[in-house]
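Chains as they are written, first to last, in this note's numbering: chain A, 39 to 262; chain B, 39 to 262; chain C, 39 to 262; chain D, 39 to 262; chain E, 39 to 262; chain F, 39 to 262.
Everything below concerns the one structure shown next.
Number of protein chains: 6
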Amino acid sequence: MSGLVVRSVDRADRAVIDGLGAVGVATVHEAQGRTGLLATSLSPIYPGARIAGSAITISAPPGDNWMLHVAIEQLQPDDVLVLAPTSPSDDGYFGDLLATSAMARGCCGLIIDACVRDVRDLTRMGFPVWSRCVHSQGTIKATLGSVNVPIVCAGAAIDAGDIIVADDDGVCVVKRVAAAKVLARAREREANEEERRLRLAAGELGLDIYDMRGKLAELGLKYV
Amino acid sequence: MSGLVVRSVDRADRAVIDGLGAVGVATVHEAQGRTGLLATSLSPIYPGARIAGSAITISAPPGDNWMLHVAIEQLQPDDVLVLAPTSPSDDGYFGDLLATSAMARGCCGLIIDACVRDVRDLTRMGFPVWSRCVHSQGTIKATLGSVNVPIVCAGAAIDAGDIIVADDDGVCVVKRVAAAKVLARAREREANEEERRLRLAAGELGLDIYDMRGKLAELGLKYV
Amino acid sequence: MSGLVVRSVDRADRAVIDGLGAVGVATVHEAQGRTGLLATSLSPIYPGARIAGSAITISAPPGDNWMLHVAIEQLQPDDVLVLAPTSPSDDGYFGDLLATSAMARGCCGLIIDACVRDVRDLTRMGFPVWSRCVHSQGTIKATLGSVNVPIVCAGAAIDAGDIIVADDDGVCVVKRVAAAKVLARAREREANEEERRLRLAAGELGLDIYDMRGKLAELGLKYV
Amino acid sequence: MSGLVVRSVDRADRAVIDGLGAVGVATVHEAQGRTGLLATSLSPIYPGARIAGSAITISAPPGDNWMLHVAIEQLQPDDVLVLAPTSPSDDGYFGDLLATSAMARGCCGLIIDACVRDVRDLTRMGFPVWSRCVHSQGTIKATLGSVNVPIVCAGAAIDAGDIIVADDDGVCVVKRVAAAKVLARAREREANEEERRLRLAAGELGLDIYDMRGKLAELGLKYV
Amino acid sequence: MSGLVVRSVDRADRAVIDGLGAVGVATVHEAQGRTGLLATSLSPIYPGARIAGSAITISAPPGDNWMLHVAIEQLQPDDVLVLAPTSPSDDGYFGDLLATSAMARGCCGLIIDACVRDVRDLTRMGFPVWSRCVHSQGTIKATLGSVNVPIVCAGAAIDAGDIIVADDDGVCVVKRVAAAKVLARAREREANEEERRLRLAAGELGLDIYDMRGKLAELGLKYV
Amino acid sequence: MSGLVVRSVDRADRAVIDGLGAVGVATVHEAQGRTGLLATSLSPIYPGARIAGSAITISAPPGDNWMLHVAIEQLQPDDVLVLAPTSPSDDGYFGDLLATSAMARGCCGLIIDACVRDVRDLTRMGFPVWSRCVHSQGTIKATLGSVNVPIVCAGAAIDAGDIIVADDDGVCVVKRVAAAKVLARAREREANEEERRLRLAAGELGLDIYDMRGKLAELGLKYV
């Protein structure tokens, strides 16, 4: 079942991917019906990074980072590496050497349901990672995994070529075929929010803007 | 039992509240007999924030942020929103729109035993939050909760109008009626500490300053 | 069994200690056969700190920080305080006063399998700490512990005088007698890495640099 | 603030207490508007126990079980000991000797947001405990706490004399003054459930019994 | 994206399903290349249960158990209910009434990445559940989810009609189309194990039975 | 550093080992000054087991159980296997085949800071295990570890030949050279406890038996 590398990956339009990245995780997640979020067990190794790219997926044995080398060959510019171990592992699969290699191939970040090391270097290089934690613990290269097969990473099902959006709010996956529609809905949502933001900033209440008072009273809310 | 909004909240003197904020969480907690700390499961979304204000309490259903809109209407300048879900939830109850609304009412921060999103925006706006984690997961508006009723938030019992002090060391609640006395004791403590700090910085030992050697020897401490 | 302070501690050469600190945690851990890491439950209270020093070990009762005062007297310049409670505790054993005292004695940092407070002050003072969390909860001074006895801290066995290396990647202990040999191997490793880093940055693949293709094919890796 | 023992505790009628115990945690919690549950971090040390009694509350320092001896003197037959440490602790505050003493005073169980030991003996003696875990770690007797003051235990605010209901489903607190009303509502609920249980057992669907189909269709549920 | 009920579910042969159940989780997981296990965060509410059945999948909002009623109508004899909340929830979605209804439809168990209540009743009824924990916390019926759509439950991707095998060792999913092949491999594995068990019971060593000594020596294992 | 098997292990007298087992974990831990407990993250796979034996220690790579086969050859009757992974792992290192082999060599149990599987079989065979959890996840046999070297298991430093005592209260290690003295102290403690148990059962209070009232009053305990 493992030992497979899928070489051809369909990717979404770069403009759509960039659009989703500009919108950000929270809005993208809302725009696709509150789905697609990866678990909060993943967090960025440094604040402020924002990426969007096509997923190169990696299914790796626990404590074995061999498949990262295999996956890096499959990267195209602006792709995102997404690694899920086949059994829970907090080992440090990835450090500055692999980041150097991935960046040389145009990779824009790593999502990993395990750990990384050399975070000072990764931060200096500007290579963003969302991981379970930071752990120096090294890995071995003994067992095959697979690249670009469907994986479940931090609770989300991800296929190669799906769009990964990640920022300080977390990580969200958008199915490739739905990407354009999700972007359209996300932008619509942003437009609505902008108008509301101005009214709220001026001191108007959500209770009035969203016309909530009647519904609340009907359900029995009592002021004393 | 839910569906109640208490409109009148007694608040402590602003000077006392500001004094407690200046003293900080660690000293306030000591000054009131090592009580009042909220659990360490809450942490600030960005470092460096320090606030003190009167609590506007919110008891909210899990995954339902409706009562935040209700609570914002009850805010007075320098109040702090304090939200406890009625069942554990890591959903993102609060983001930049609600923060915009709360800031427009003079709110100085949010304490929430659940999660928030749009942390990049919140950081940029300078709206401090102490939360369980960051999660984009959206909430619904379907069930009533209550505002300004007694709550238990992160293990601490909090009434509306209690003083909330929060900084990088965590969050502490001070009972409104005890606030002036706690502040007096905290300042006394600070004064003592200042003198000790100078002696310690000069190389004197705590063993001597606090006269511990005799007591340690009596209990049987042995040097070898 | 407790109530013991060992005054004579053999320390490694300062040059070796400094060398290990320059190399950093991830490489030191690899150079000694992937051993010596403390658990990831410890993390730095602020990013960017890097230290190496000789361990002054403290075995302390849960919620009792008395032995820190005793240990500070045993510090020599560039030593590291390493505290393990005898039963799990998340109390705040250490704050700005103790840091002032430890710095006055030349201490370069604290490793503690418990918590600390006054982190804003500690950060300002530049006193680095690796701890389980931040907690204002104060401790008592009622029960003896021991200083410079063997301890287990965050899963690693540590003797007084062992070398502690700590940075953003975590904390690693190096046995005093092995320190010179570990440093030699670490530097060798660094030299190798440098050459590889250049080749990877130029776009060469790890698959080729490390000659992995044959072995992968032999194990059955399939490209489709 | 600590060092207080309140000797007079108002208790609910024994018949009401027994009634709540017979109804059980899940129903009592529903009957009082889904409030009063203690956190799931507490679990029974052996399956099958069911108790209800008046709370004798204990606020104890972390790792210090002295106040249990003080509290045992305050017990009346069928009371429940409820202990909350003032800072998180997983130490074993309670074992077979204290259980022997508590049983001799008529105590029917212990709720503790910390740990216990001698669980084989406790099980044999039939003394039920709901605790965070089992831990042999002993405690000291050095610092005062309080007895029969308001506490927060596992996230729930509890006053002395409140009714504690505990079974395999967890632990629930009922405010003393509301006990009779809660019992009435719980029994009503049970009666309704009994009729529904028979219809469901006969193969009728909840969709029909609760008349849900219309509401689901209205919200847009689609069958394909 | 939610609000969908898929009525037609392809199921594997009952003989194959029963065969997988008889083999058990550990062997099934090995037989399909060490894949398919759900996370260890799920555990049985009572020991000794063993089930195998076709999955009826439920995607439910956090704290909302409405879709369980919808799903029960879709059950056929020996099916297994498998529920994943769309956001983490530890609420008690399921109790004795729903179990009564599910059993009346022939359901053989529930796998739920959330909690249940009435465990004493469920145990007495012999209705097995694998859940995150036991929690009395009730749920609401306000928002649509979906039934028989693909879900990710406790880290595993599950489609309606997949085979669920569960016992004291945990929960494993087998893809419907692979079921017969997995069963064949599992039985082969069992046959091999039986012969080895006899030799091991007779005192022969795995080192000899599996011929490991040469490989170990080659890698450098040293006896001292 | 790994790849070492130490064949000669000094063991304590069987009578002393049996004595410690009869006394049990809680008392042994007290008798040696409240030291030696392993972390509460380990728990028995079934209730009621009580063992004591000499430790055969195993340092194993994460997710690799090869060294268990090597260790089994080193077992003598009534020894206990004690395994610590070199990096955290929740994989199932051990099941019914290895248990069959270990029992054939006289092994009386396994302590493992990782997981096991086939727990139904292990329970039926009466082979007790204290582990982090139950997990079917299989392991590989690719990398060397060591046998009978010093390890840190669940926070406790353990040497081969140390005495392991384990029961429902957890796991405790006693240093071989101290075993006889610890047993003597444990028995003394038991004798004292027996007399106290009778007095407590008769209704006498610990406050009086241990003469605590004066000390409590002196510290300021107030009855109201």
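Where is the CB? At the ideal position from N, CA and C, for every residue including glycine.
Predicted model, so just to flag it, every value in this text is computed and none were measured.
With distances taken between CA atoms, V63/C lies nearest to G208/C out of G208/C, Y131/C, A229/C.
With 16 or more other CB atoms across the displayed protein chains lying within 10 angstroms of its CB, N103/C is buried. In this structure the region 66-86 of chain F does not lie against the region 100-117 of chain F, because fewer than three pairs of beta carbons, one per stretch, are closer than 8 angstroms.
Burial state of A194/C is buried, judged by a 10 Å Cβ sphere holding 16 or more other Cβ atoms. Rounded to the nearest angstrom, the Cβ distance from A50/C to S92/C is 7 angstroms, consistent with a contact under 8 angstroms. Distances from the alpha-carbon of I202/F to those of L76/F, V187/F, E233/F put L76/F closest.
Unbroken alpha helix (DSSP H) stretches of 4 residues or longer found wholly inside the region 83-149 of chain C: 104-111, 134-142, given in chain order. Comparing C-alpha distances from Q112/B to each of V187/B, P166/B, H67/B, I83/B shows the shortest one belongs to V187/B. Collapsing the DSSP output to three states places L243/B in coil. Shown here, R45/D sits in coil according to DSSP, grouped into three states, outside any helix or strand. Around the beta carbon of S169/D, 16 or more other beta carbons lie within 10 angstroms, which makes this residue buried. Under the 10 Å beta carbon count, P115/D is surrounded by fewer than 16 other beta carbons and is classified as exposed.
Near chain E, meaning a CB-to-CB distance below 8 angstroms, the residues of the region 206-233 of chain D are D206, D207, G208, C210, E231. Of the candidates A229/F, G258/F, M141/F, M141/F places its Cα closest to the Cα of L236/E.
Cβ-Cβ distances below 8 angstroms link H67/E to T73, G74, L75, C210 in the same chain, with the five nearest sequence neighbours on each side left out; the list follows chain order. Closest option to V220/B, judged by alpha-carbon separation, among G59/B, V47/B, T78/B, L42/B: G59/B.
Non-local beta-carbon contacts of H173/A in its own chain, meaning distances under 7 angstroms to residues more than five positions away in sequence, involve D128, D129, G130, C153, R155 in chain order.
The alpha carbon of S40/F has as its nearest neighbour, out of V47/F, I96/F, G86/F, R52/F, the alpha carbon of I96/F.
At a cut-off of 4 residues, the continuous stretches assigned as alpha helix (DSSP H) that sit fully inside the region 148-179 of chain C are 157-163. Of the residues assessed, S79/F falls on the exposed side of the cut-off, its CB having fewer than 16 other CB atoms within 10 angstroms. Close to chain B, meaning a Cβ-Cβ distance shorter than 8 angstroms, is no residue of the region 75-90 of chain E at all. Annotation: M105/F to G144/F spans about 18 angstroms, alpha carbon to alpha carbon. I89/F places its beta carbon 7 angstroms or farther from that of G133/F.
Contact annotation for G193/E against chain A: V190, G193 [CB-CB distance below 7 angstroms, chain order].
With its beta carbon at least 7 angstroms from every one in chain A, K179/C lies outside the interface. DSSP, read as helix, strand or coil, puts D200/F in coil.
At a cut-off of 3 residues, not a single continuous stretch assigned as beta strand (DSSP E) sits fully inside the region 55-86 of chain F. When C-alpha distances from A224/A are compared across G164/A, S81/A, T65/A, the shortest belongs to T65/A. Note that the C-beta distance between A204/D and M163/D is not below 7 angstroms.
With a 10 Å radius around the Cβ and a threshold of 16 neighbouring Cβ atoms, A53/A comes out exposed. When 8 angstroms is used as the limit between beta carbons, C145/E is near no residue of chain D, the shortest such separation being about 12 angstroms. Each residue's CA atom was taken as its position, placing L259/D and E233/A some 32 angstroms apart. Separation of the CB atoms of L238/A and S139/B is rounded to 4 angstroms, and the pair is thereby assigned contact status at 8 angstroms. Among the residues facing chain F, A60/E is not included, as its CB has no counterpart in that chain under 7 angstroms away.
When CB distances to chain B are screened at a threshold of 7 angstroms, not a single residue of the region 128-154 of chain A falls below it.
Judged by DSSP in its simplified three-state form, K213/F adopts coil rather than helix or strand.
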